[in-house]
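Residue numbers (the working numbering): -11 to 430. Where a beta carbon is used, it is the ideal one built from N, C-alpha and C, also for glycine. Since the structure is predicted, the reported quantities are computational estimates derived from the model, not experimental observations. A short write-up of the structure that comes next.
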């Protein structure tokens, strides 16, 4: 039993308070994931409003929603007073429409307007990620006026390192670093020290593109602007990190044919519905490979050793194809690949397939020769390994690239096509060579 659960069940309010002082909110939220609904209700009863807000802010989506369900609207409103607007919107986005409206309607007018604006954007866009807690000052202000204003509003903002500079109609015209403000005479204007080159996005931009820009330009935050250039909010680097982790997890799951929404505690029927379609597709591709093997039944019947060896060739092709596929999917996730770069890389993957096939084929062929005492069987293994690893390089490169060019997610179904190609062509190359060399094998 964890310490947090032990303190909760004992109703030890003082112990809970002391435990919160020594632990990070994210670690506390992780411990609370093991609680059932009744234990969560007991925990919330022992926390003050600011602590409830901390747990809500750092909890994963599922726990955050479970916590919110145990709180009445007034308790949620109180906790929201300690949270950033983008975190509030993330939580409300998971609510049923009725409860969401009930909570939003109870908020103060200014907060209600901001939250409704943020809720209008899809959650996987810049608008859905952005926070309205930023510092924007007019370019005509003196440095002294700017510093006074920053002192006033800094406690309510997410970042103060970057000051966003606007003109009279709130159009974003530049940025300024707080360090520059602190080292500039107070009578100079903000416009005199601002950087007019601003990297920004519109609310509709996908979260992956936002993450790429923040990473590429090493930004602490990226402003979100309207079509007319007016600043609407900012996406901070902590939200970008969450996006990167989310997209990585999603890609890894989809490459394995697993739905991103599935978890260990997902109900049986839902898990079955999520996994079965991909398994049926894999089954269809397995029949393709089986049909190739069946067409060489007479060859296998005469040289039984082929049945033991052919899986080595196809398996190595699948492994090599996955290596190429993984590297290309990662590169495509970082940005588009130019035609010249694609040609160079494609040629390299073919050469890698030949080289890896030759080395692995030689090792495998030597072992096969020692086991079965047939030089030509070892030679067939060598040639088939070279051929199949070359195939794996070709398909491992072309399949995700073609899917990307067709505006499909290359992480979703690339592995099925690549594995099918290496299995089917691997069996065909190996058994085709065996049929050609058959008089020398029997």
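Residue i, DSSP secondary structure in three states
i           : result
residue 431 : One cannot answer for residue 431 here, as it falls past the ends of the chain, which runs -11 to 430.
residue 414 : helix
residue 73  : helix
residue 60  : coil
residue 394 : coil
residue 127 : coil
residue 113 : strand
residue 177 : strand
residue 301 : helix
residue 216 : coil
residue 227 : helix
residue 148 : coil
residue 68  : helix
residue 83  : coil
residue -10 : coil
residue 206 : coil
Environment of residue i [buried if 16+ CB atoms lie within 10 Å]
i           : result
residue 1   : exposed
residue 383 : buried
residue 326 : exposed
residue 33  : exposed
residue -3  : exposed
residue 85  : exposed
residue 68  : buried
residue 403 : buried
residue 152 : buried
residue 184 : exposed
residue 390 : exposed
residue 17  : buried
residue 361 : exposed
residue 52  : buried
residue 93  : exposed
residue 258 : exposed
Sequence-distant residues of the same chain with beta carbon closer than 6 Å to residue i, five excluded per side
i           : result
residue 372 : 301, 417, 418, 421
residue 97  : none
residue 74  : 119
residue 188 : 211, 213
residue 182 : 153, 162, 164
residue 231 : 195, 199
residue 21  : 51
Boundaries of the alpha helix (DSSP H) in which residue i is found, first to last residue
i           : result
residue 338 : 327 to 360
residue 18  : 13 to 20
residue 265 : 256 to 282
residue 38  : 37 to 46
residue 94  : Taken as a continuous stretch (DSSP letters only), residue 94 belongs to no alpha helix (DSSP H), as it is neither H nor E.
residue 289 : 285 to 290
residue 25  : 25 to 34
residue 4   : 1 to 10
residue 143 : Run containing residue 143: none; DSSP gives neither H nor E here.
residue 427 : 426 to 429
residue 108 : Residue 108 -> no alpha helix (DSSP H), and no H or E assigned at all.
DSSP beta-bridge partners of residue i
i           : result
residue 160 : 154
residue 211 : 222
residue 194 : 113
residue 119 : 222
Opening and closing residue of the beta strand (DSSP E) in which residue i lies
i           : result
residue 169 : Careful: residue 169 lies outside any beta strand (DSSP E), inside the alpha helix (DSSP H) at 166 to 170.
is_contact[residue i, chain D] using C-beta, thresh 7 Å
i           : result
residue 376 : Absent from the structure is chain D; it holds one protein chain and no more.
Nonlocal neighbours in the same chain, by C-beta distance under 7 Å from residue i, ignoring five residues either side
i           : result
residue 108 : none
residue 64  : 56, 91
residue 194 : 112, 113
residue 305 : 376, 377, 379, 380, 410, 414
residue -6  : none
Cut-off 8 Å between Cβ atoms - residues of its own chain near residue i, not counting five sequence neighbours on either side
i           : result
residue 354 : 366
residue 41  : 67, 68, 69, 70, 71
residue 49  : 78, 82
residue 215 : 190
residue 290 : 426, 429, 430
residue 254 : 262
residue 439 : In the structure as shown, the chain begins at -11 and stops at 430. Residue 439 is therefore absent and cannot be evaluated.
residue 201 : 187, 189, 207, 210
residue 29  : 58
residue 126 : 153, 154, 155, 156, 178
Proximity test, residue i beta-carbon vs the ligand HEM heavy atom, cut-off 6 Å
i           : result
residue 178 : For the structure depicted, the ligand HEM is absent and the ligand set is empty, with no information on it obtainable.
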